[in-house]
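Per full-length UniProt numbering, the sequence shown starts with residue 1, numbered consecutively.
The beta-carbon is built from N, C-alpha and C at its ideal position, and this holds for glycine as well.
Bear in mind the structure is a predicted one, so any value in this text is a computation, not a measurement.
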Amino acid sequence: MLTTGPTSNSFISQRLRLHYVDWGNPEAPPLILQHGGRDHCRSWDWVAQELSRDWHVIAADLRGHGDSAWSPDGDYSAHAFVYDFAQLVQTLGHEQVTIIGHSLGGNIVMRFTGLYPEKVRKLVNIEGLGLSPQMLAERQAQGTADNLRTWIENKRAASGRTPKRYATIEDAYARMKAENGFLSDEQARHLTIHGANRNEDGTWSWKFDNYLNVGTPFDIPQADIEALWSAVTCPLLLLYGADSWASNPEKDGRARHFQDARVIEYEKAGHWLHHDQLDRFLTDVKSFLA
1 MLTTGPTSNS
11 FISQRLRLHY
21 VDWGNPEAPP
31 LILQHGGRDH
41 CRSWDWVAQE
51 LSRDWHVIAA
61 DLRGHGDSAW
71 SPDGDYSAHA
81 FVYDFAQLVQ
91 TLGHEQVTII
101 GHSLGGNIVM
111 RFTGLYPEKV
121 RKLVNIEGLG
131 LSPQMLAERQ
141 AQGTADNLRT
151 WIENKRAASG
161 RTPKRYATIE
171 DAYARMKAEN
181 GFLSDEQARH
191 LTIHGANRNE
201 DGTWSWKFDN
211 YLNVGTPFDI
221 PQADIEALWS
231 AVTCPLLLLY
241 GADSWASNPE
251 KDGRARHFQD
261 ARVIEYEKAG
271 HWLHHDQLDR
281 FLTDVKSFLA
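Right, dumping it as structure tokens:
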């Protein structure tokens with residue numbers, strides 16, 4: 001059971017006011033937790049409460065997520081997220097940090113660590129290397145023009161789409177449970193309460209911006225991404241769920257790009273393995289970070 005909560009704070013990045021929570025213990029070494037897409041910083045609460053005994057834990061909301069501002073032009077590109085994270089680290093003022101990132105958040109912090117390897121002591125990445133080599137090849141096969149046309153069409157569609165509204169918080173909770181069958185009732189309720197806002201008419205909507213569903217048509221070349229991976233000098237723990245859609249880098253070959261990486265696959269766990277196998281996750285992370 002969660003017994004205490006964090007304090008809310010904000011910082012400015014590219015004119016956006018972005019939100020993070022601070023779990024106290026400021027004299028301890030800094031540990032930043034970065035959530036994934038369509039998630040929020042309070043999804044780390046069980047992890048943060050446990051790790052805050054030994055760490056100064058900061059959990060941040062990405063732009064367009066949680067209690068952070070939405071990008072007015074719908075810019076949710078990788079470089080925008082990386083800039084925001086770099087701004088967070090600079091705002092906190094630490095010479096070196098330890099990081100845990102999940103999914104989109106793992107992708108962001110991995111790039112940051114490749115850019116500034118001296119800033120990161122250790123890194124835990126939960127299914128955050130992006131598309132598998134097979135999925136990436138399929139996307140590239142579509143061609144640049146087709147990808148760009150699809151992006152334009154999707155952006156136009158998103159501009160006219162209103163956020164999904166749930167009549168009650170219980171309806172939103174049911175949707176959360178349906179999305180991840182591994183969640184306990186307590187976990188699903190906590191994630192729903194912190195992940196939804198009440199609308200003026202009494203209905204409920206998720207906090208994240210609909211434009212996040214569109215993505216971006218281009219990224220930096222895959223060879224450049226792999227060069228950033230190779231530039232990571234700190235110890236790296238890569239975690240994957242056996243029941244997830246994400247591809248295990250030890251099996252698809254991507255692990256070869258890292259200087260000092262260990263891969264662990266979790267049975268009976270999906271994409272949110274830090275929820276699905278919380279106790280094992282905490283044991284592995286504590287051992288790695290020690």
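### Query
Under three-state DSSP, which class holds Q140?
helix
### Query
Buried or exposed: where does S71 fall if 16 or more other Cβ atoms within 10 Å of its Cβ makes it buried?
buried
#### Entry: For E153, the residue or residues it bridges with in DSSP
Note: E153 sits in no beta bridge, so no partner.
### Task
Could you give the DSSP three-state label for H102: helix, strand or coil?
Looking at H102 - three-state DSSP - the assignment turns out to be strand.
### Query
Which whole-angstrom value describes the C-beta separation of F258 and L236, a residue pair presumed to lie in contact below a C-beta threshold of 8 angstroms?
6 angstroms
### Message
Cutting at 6 angstroms between CB atoms, please list the residues of its own chain near N25, excluding the five before and the five after it.
### Response
S52 and H56
### Message
Using a Cβ-based criterion (distance less than 7 angstroms to any ligand heavy atom), does G143 qualify as near the ligand FAD?
### Response
The ligand FAD is not among the ligands present in this structure, which contains no ligands whatsoever.
### Exposed unless 16 or more other CB atoms sit within 10 angstroms - verdict on H102
buried
### Task
With DSSP as the reference, please indicate the residues paired to I32 in a beta bridge.
I58 and I99
### Query
Between the C-alpha atoms of M176 and H190, what's the straight-line distance to the nearest angstrom?
Roughly 10 angstroms separates the two Cα atoms.
### Query
Just curious, the beta strand (DSSP E) that V214 is in, first and last residue?
Run containing V214: none; DSSP gives neither H nor E here.
### Message
On the DSSP bridge list, what partners appear for W206?
### Response
A196
### Query
Which class does F81 belong to by DSSP, given the choice of helix, strand or coil?
Looking at F81 - three-state DSSP - the assignment turns out to be helix.
### Task
Going by CA-CA distance only, name the one from Y20, N107, E50 and E226 that's closest to A80.
Nearest of Y20, N107, E50 and E226 to A80, Cα basis: N107.
### Backbone secondary structure at D224 - three-state DSSP
helix
### Message
What would DSSP say about V47, mapped onto helix, strand or coil?
### Response
helix
### Task
Taking N197 as the reference, give the member of A60, L129, E27 and D67 with the closest Cα.
Selected option, being the one with the closest Cα: D67.
### Task
Taking the CB atoms as reference points, tell me whether R121 and V82 lie closer together than 8 angstroms.
no
### Query
Name the DSSP bridge partner or partners of F258?
Note: F258 sits in no beta bridge, so no partner.
### Task
Give the C-beta separation of L18 and A86 to the nearest angstrom, bearing in mind that I take them to be a contact with Cβ-Cβ under 8 angstroms.
The pair is not a contact, with the Cβ atoms about 12 angstroms apart (cut-off 8 angstroms).
### Message
Which of the three DSSP states is assigned to E27 in this structure?
### Response
Correct three-state label for E27: coil.
### Message
With a threshold of 8 angstroms on Cβ separation, who are the neighbours of G64 within its own chain once the five nearest residues in sequence on each side are excluded?
### Response
W70, S71, Y76, F208, D209, Y211 and L212
#### Entry: Beta-bridge partners of E265, as assigned by DSSP
Y240
### Query
Of the residues W44, T4 and D84, which one's Cα is nearest the Cα of Q14?
D84
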